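**Student:** If you read the protein sequences in the order shown, they are chains A and B.
Taken in order, the first sequence gives residues 1 to 346; the numbers are from my numbering.
Taken in order, the second sequence gives residues 347 to 559; the numbers are from my numbering.
Below you'll find the structure I mean.
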Amino acid sequence: MISIFDGWSYEEITTPTVDYYSLFEHGMGHHQAHYAFRFSDTDGRMLALRPDVTSLVARAAATLFAERQRPLRFCYVAPVFRQQPRSHAEWKRESTQIGGELIGGNSDAADMEILGIICEVLERLELDRRCSMTLNDVEVFNGIAEQLKLGSEARDEMRELVDARNAADLERFLAHHSSAADARALAQLIRLSGKRKILSEARRLITNPRSSLALDRLERLWSVIEALQLADRFEIDLGDVSRLDYYTGLTFKIYISGAGTRVGSGGRYDGLTASFGKAEPAVGFVFELDMLTEVLRQGFDESSLIKQSTAATKLSGQNLRDLFTAARRKRATGERIVINWNEEVQ
Amino acid sequence: MTQLTIAIAKGRLQPKALELLMRAGVELSRDATSSRRLAIEDESGRYRLIFVKPADVPVYVEHGIADCGIVGRDVLLESDPDLLQPLSLDIGACRIVVAARNGAPERQLGMLRLATKYPRIAARHFGARGVAIDLIELSGSVELASVLGLADCIVDLVETGKTLQENGLRILEVITELQARLVVNRASYQLKAEAISELIKSLEESMEASGSD
């Protein structure tokens, strides 16, 4: 996968495992950062095991790489650590993320570049026929929340209802916050998923200017996807509202049949670097490596891997000097060896 | 053809859930519904039903072993799983209530001792009002805790109120009213979108039809 990143001119970046908790809180928002394992530094400040890599890359871009020419293209493979009280399916405290970030590009081209890399990764892993990627733009929801003049608490409540596709409770919620006609129209939001057709349906139901701009963006992106003949892998899903606070535009999720949970996600986060000094447009994605491995393992013969690892020259002998002289000579040529202890005992 | 696996909560909800599914076009033979098998297929092969303990329904669905599930909302409130809940079903209506022994004095000072099968729901309810509680988690016959004085009050699921009445308890407060829910795995919702929206639609139609009778 790293070779694919290299092919798109992404440089690998290493980020700290332990950093200040406040950094993640700024980056991910309180709700998500709360999943981090926290402990205190010698001076009493709160530290955390990184629950997320994107916040750290954004900070590096705003500080270490402040002077570098834009856009910046970074990729990483790194473990992240999260407490998992909510979900039974994703219970692991440690998981490995593999991701890419494109910082300093605010255009449809940047969004499409990220989607292009994801498509190539899935093709290379021969998963492209089994995958489904959902696209949305958080501004569609933000526009509606603004139109309804929702406070932050009500906004969160509505987002959770939409996210869970909870039609019954959403209608009840909307009846409190809007006129009957609006409530009926907006309750349809959670049913709006599909191909290009649903965008025109959405325009009929959602008319505020902020949401309309987002629908325009999605439509432009969809046209490119269609032209590249990738439309069978994508779905627009306006009910897919992300919980991560830092997204500001396009969001997407990656599903593969055979995996019970999503294997990747990402989106545009134009505000994130602002918390580190300089606001810049940015877009990125992440694959859950453990989930990908799980999917790839299905129907894969693991014994072929084991055979490969036994292909090594066996060395043994009573005389340790001769044994290790031979061992070092063979290692100098790069040969794979295994010191056989059992024979020595006999 | 896509096959959907539906996890159904065993017990109280099971016969009503099966009846609802049959009205919505899931073809089950009498043999299948009356047997004790834990997994059955419908005649058309479009659906596979598995029967698990109510609290395990969200677990199976979250892992994607089952694509959908039918389960009481009490279970969802208690375990707070990461699932889609596209449909409220008109079966399994009940309430979660606070109840205490008839004539028991209301505690004015100190911690309220409370026994329940639903520690999270209870903690959330009293926490929101700033009432300090001492939680005792039980797994059944919660009414006894109040009768025998293990706790000042209980938080429990009530369908008719008969068990409470027969054990000399009265309802102090209704925390929430609930029904069963159709829950769906997030990945299945995308990958088997057509089959799932078909199931949702036929369930909706069959509920509307019976509602207008």
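Here a beta-carbon is modelled for each residue, glycine too, at the ideal position from N, C-alpha and C.
Here the structure is a predicted model, which means the values were calculated and not measured.
Could you check whether the Cβ of B:Ala-439 sits closer than 8 Å to any Cβ belonging to chain A?
**Tutor:** Walking along the second sequence from the start, residue 439 of chain B turns up at place 93. Cβ-Cβ to chain A under 8 Å: no for B:Ala-439.
**Student:** Mind reading off the beta-carbon distance from B:Ile-411 to B:Val-501? Whole number of angstroms is fine, and I expect it under 8 Å.
**Tutor:** The residue you call residue 411 of chain B lines up with position 65 of the second sequence. The residue you call residue 501 of chain B lines up with position 155 of the second sequence. With 8 Å as the limit, B:Ile-411 and B:Val-501 do not qualify as a contact, their Cβ atoms being about 31 Å apart.
**Student:** Flag B:Gln-349 as yes if its beta-carbon sits less than 8 Å from any beta-carbon of chain A, otherwise no.
**Tutor:** Here the question's residue 349 of chain B lines up with position 3 in the second sequence. So, not an interface residue.
**Student:** Could you please tell me which residues of the region 159 to 174 of chain A, in chain order, have their CB closer than 7 Å to any CB of chain B?
**Tutor:** Of all residues in the region 159 to 174 of chain A, Ala-164, Arg-165, Asn-166, Ala-167 and Ala-168 have a Cβ within less than 7 Å of some Cβ in chain B.
**Student:** Nearest-angstrom Cα distance between A:Asp-322 and A:Val-77?
**Tutor:** Walking along the first sequence from the start, residue 322 of chain A turns up at place 322. Walking along the first sequence from the start, residue 77 of chain A turns up at place 77. Roughly 41 Å between the two C-alpha positions.
**Student:** Can you find a CB in chain B that lies within less than 8 Å of the CB of A:Tyr-255?
**Tutor:** In the first sequence, residue 255 of chain A corresponds to position 255, counting from 1. So yes, A:Tyr-255 belongs to the interface.
**Student:** Using a beta-carbon distance below 8 Å, is B:Leu-537 in contact with chain A?
**Tutor:** Here residue 537 of chain B is taken as the residue at index 191 of the second sequence, counted from 1. B:Leu-537 counts as touching chain A.
**Student:** So A:Ala-259 contacts chain B; which residues on that side make the cut at Cβ distance below 8 Å?
**Tutor:** By 1-based counting over the first sequence, the position of residue 259 of chain A is 259. Under the 8 Å cutoff, chain B gives Gly-410 and Ala-533.
**Student:** Which of the three DSSP states, helix, strand or coil, is assigned to A:Val-345?
**Tutor:** Position 345 of the first sequence, counted from the first residue, corresponds to residue 345 of chain A. Residue confidence for A:Val-345 is low, a pLDDT of 46 falling below 50, so the modelled location carries little weight and cannot support an answer.
**Student:** Using a Cβ-Cβ cutoff of less than 8 Å, which residues in the same chain neighbour A:Arg-262 once the five nearest sequence positions on both sides are dropped?
**Tutor:** In the first sequence, counting from the first residue as 1, residue 262 of chain A sits at position 262. So the qualifying residues of the chain are Lys-253, Ile-254, Tyr-255, Glu-288 and Met-291.
**Student:** Once DSSP output is grouped into helix, strand and coil, what is the label at A:Val-162?
**Tutor:** Counting from one through the first sequence, the residue named residue 162 of chain A turns up at place 162. DSSP places A:Val-162 in helix when its eight states are reduced to three.
**Student:** Taking only the alpha-carbon atoms, compute the straight-line gap between B:Leu-435 and B:Glu-550 and give it to the nearest angstrom.
**Tutor:** Here residue 435 of chain B refers to the residue found at position 89 when the second sequence is read from its first residue. Here residue 550 of chain B refers to the residue found at position 204 when the second sequence is read from its first residue. Using only the alpha carbons, I get a separation of about 8 Å.
**Student:** Is A:Ser-132 close to chain B? Criterion is C-beta to C-beta, closer than 8 Å.
**Tutor:** Start at 1 with the first residue of the first sequence, and residue 132 of chain A comes out as number 132. Chain B, which has a Cβ nearer than 8 Å to the Cβ of A:Ser-132, makes this yes.
**Student:** Taking Cβ-Cβ distances shorter than 7 Å, what residues in chain A pair up with B:Ser-434?
**Tutor:** Residue mapping note: residue 434 of chain B aligns to position 88 of the second sequence, counting from 1. Correct list: Ala-168.
**Student:** Return helix, strand or coil for B:Ala-385, following the three-state DSSP convention.
**Tutor:** Residue 385 of chain B sits at position 39 when you count from the first residue of the second sequence. Strand.
**Student:** Grab the span of the alpha helix (DSSP H) containing A:Gly-7 for me, first residue to last.
**Tutor:** Residue mapping note: residue 7 of chain A aligns to position 7 of the first sequence, counting from 1. Taken as a continuous stretch (DSSP letters only), the alpha helix (DSSP H) holding A:Gly-7 covers 2 to 7.
**Student:** Determine the burial state of B:Leu-384: buried for a count of at least 16 other Cβ atoms within 10 Å of its Cβ, exposed for fewer.
**Tutor:** Taking the second sequence and counting its residues from 1, one reaches residue 384 of chain B at position 38. So B:Leu-384 counts as exposed.
**Student:** Could you check the C-alpha separation between B:Leu-484 and B:Ile-386 for me, to the nearest Å?
**Tutor:** In the second sequence, residue 484 of chain B corresponds to position 138, counting from 1. In the second sequence, residue 386 of chain B corresponds to position 40, counting from 1. Their backbone Cα atoms lie some 32 Å apart in a straight line.
**Student:** Please name the residue in A:Leu-230, A:Trp-222 and A:Leu-238 whose C-alpha comes closest to that of A:Ile-206.
**Tutor:** Numbered from 1 along the first sequence, position 206 holds the residue referred to as residue 206 of chain A. For A:Ile-206, the nearest C-alpha among the options comes from A:Leu-238.
**Student:** Here's the rule: buried if 16 or more other CB atoms are within 10 angstroms of the residue's CB, otherwise exposed. What is A:Asp-6?
**Tutor:** Position 6 of the first sequence holds residue 6 of chain A. Looking at its Cβ environment, which holds fewer than 16 other Cβ atoms inside 10 Å, A:Asp-6 is exposed.
**Student:** Bridge partners for A:Val-80 per DSSP, in chain order?
**Tutor:** As a first step, residue 80 of chain A must be located in the first sequence, where it is residue number 80. Looking at the DSSP assignment, A:Val-80 forms a beta bridge with A:Ser-95.
**Student:** How about A:Arg-82: is its C-beta nearer than 8 Å to some C-beta of chain B?
**Tutor:** As a position in the first sequence, residue 82 of chain A is number 82, starting the count at 1. With 8 Å as the cut-off, A:Arg-82 does not count as an interface residue toward chain B.
**Student:** Could you tell me how far apart the beta carbons of A:Lys-314 and A:Val-295 are, in whole angstroms, since I believe they sit closer than 8 Å?
**Tutor:** As a working note, residue 314 of chain A is residue 314 in the first sequence. As a working note, residue 295 of chain A is residue 295 in the first sequence. A:Lys-314 to A:Val-295, Cβ: 36 Å. No contact.
**Student:** When you compare the region 222 to 231 of chain A with the region 506 to 518 of chain B, are there three or more beta-carbon pairs, one atom per stretch, that lie closer than 8 Å?
**Tutor:** No: the two stretches stay apart, fewer than three of their Cβ pairs being nearer than 8 Å.
**Student:** Which word fits A:Lys-197, buried or exposed, when buried means at least 16 other C-beta atoms lie within 10 angstroms of its C-beta?
**Tutor:** Numbered from its first residue, the first sequence carries residue 197 of chain A at position 197. So A:Lys-197 ends up on the exposed side.
**Student:** When the distance is taken between beta carbons, is B:Lys-399 closer than 8 Å to B:Lys-362?
**Tutor:** Looking up residue 362 of chain B in the second sequence gives position 16. Looking up residue 399 of chain B in the second sequence gives position 53. No, they are not a contact pair.
**Student:** With a threshold of 8 Å between beta-carbons, can A:Glu-126 be considered close to chain B, or not?
**Tutor:** Here the question's residue 126 of chain A lines up with position 126 in the first sequence. No, no contact with chain B.
**Student:** Look up B:Ile-546 in the DSSP assignment and give the residues it is bridged to.
**Tutor:** Within the second sequence, residue 546 of chain B is the residue found at index 200, counting from 1. In DSSP, B:Ile-546 forms no bridge with anything.
**Student:** Can you tell me the Cβ-Cβ gap for A:Leu-49 and A:Val-18, rounded? I've got them flagged as a contact below 8 Å.
**Tutor:** Stepping through the first sequence from its first residue, residue 49 of chain A is reached at position 49. Stepping through the first sequence from its first residue, residue 18 of chain A is reached at position 18. Rounded, the Cβ-Cβ distance is 6 Å, consistent with contact.
**Student:** Is the beta carbon of A:Leu-247 less than 8 Å from the beta carbon of A:Arg-233?
**Tutor:** In the first sequence, the residue the question calls residue 247 of chain A occupies position 247. In the first sequence, the residue the question calls residue 233 of chain A occupies position 233. Before going further, note that residue 247 of chain A is Tyr rather than Leu in the sequence given. No, the pair does not count as a contact, with Cβ atoms beyond the cut-off.
**Student:** Give me the Cβ distance between A:Glu-113 and A:Ile-4, rounded to the nearest whole Å; I'm assuming they're in contact under 8 Å.
**Tutor:** Residue 113 of chain A sits at position 113 when you count from the first residue of the first sequence. Residue 4 of chain A sits at position 4 when you count from the first residue of the first sequence. With 8 Å as the limit, A:Glu-113 and A:Ile-4 do not qualify as a contact, their Cβ atoms being about 13 Å apart.
**Student:** Tell me the DSSP secondary structure of A:Pro-71 in three-state form.
**Tutor:** As a working mapping, residue 71 of chain A is identified with position 71 in the first sequence. Residue state, collapsed to three classes: coil.
**Student:** Among A:Ala-175, A:Phe-141, A:Glu-146 and A:Glu-219, which residue has its Cα nearest to the Cα of A:Leu-189?
**Tutor:** Taking the first sequence and counting its residues from 1, the one referred to as residue 189 of chain A is at position 189. Nearest C-alpha to A:Leu-189: A:Phe-141.
**Student:** Could you tell me how far apart the beta carbons of B:Asp-413 and B:Leu-460 are, in whole angstroms, since I believe they sit closer than 8 Å?
**Tutor:** Taking the first residue of the second sequence as position 1, residue 413 of chain B is located at position 67. Taking the first residue of the second sequence as position 1, residue 460 of chain B is located at position 114. Contact flag wrong, Cβ pair sits at about 37 Å.
**Student:** Mapping the DSSP letters down to three states, classify B:Lys-463 as helix, strand or coil.
**Tutor:** Working through the second sequence from its first residue, we reach residue 463 of chain B at position 117. Note: B:Lys-463 maps to coil in three-state DSSP.
**Student:** Is B:Gln-431 helix, strand or coil by DSSP?
**Tutor:** Looking up residue 431 of chain B in the second sequence gives position 85. If DSSP states are grouped into helix, strand and coil, B:Gln-431 belongs with the strands.
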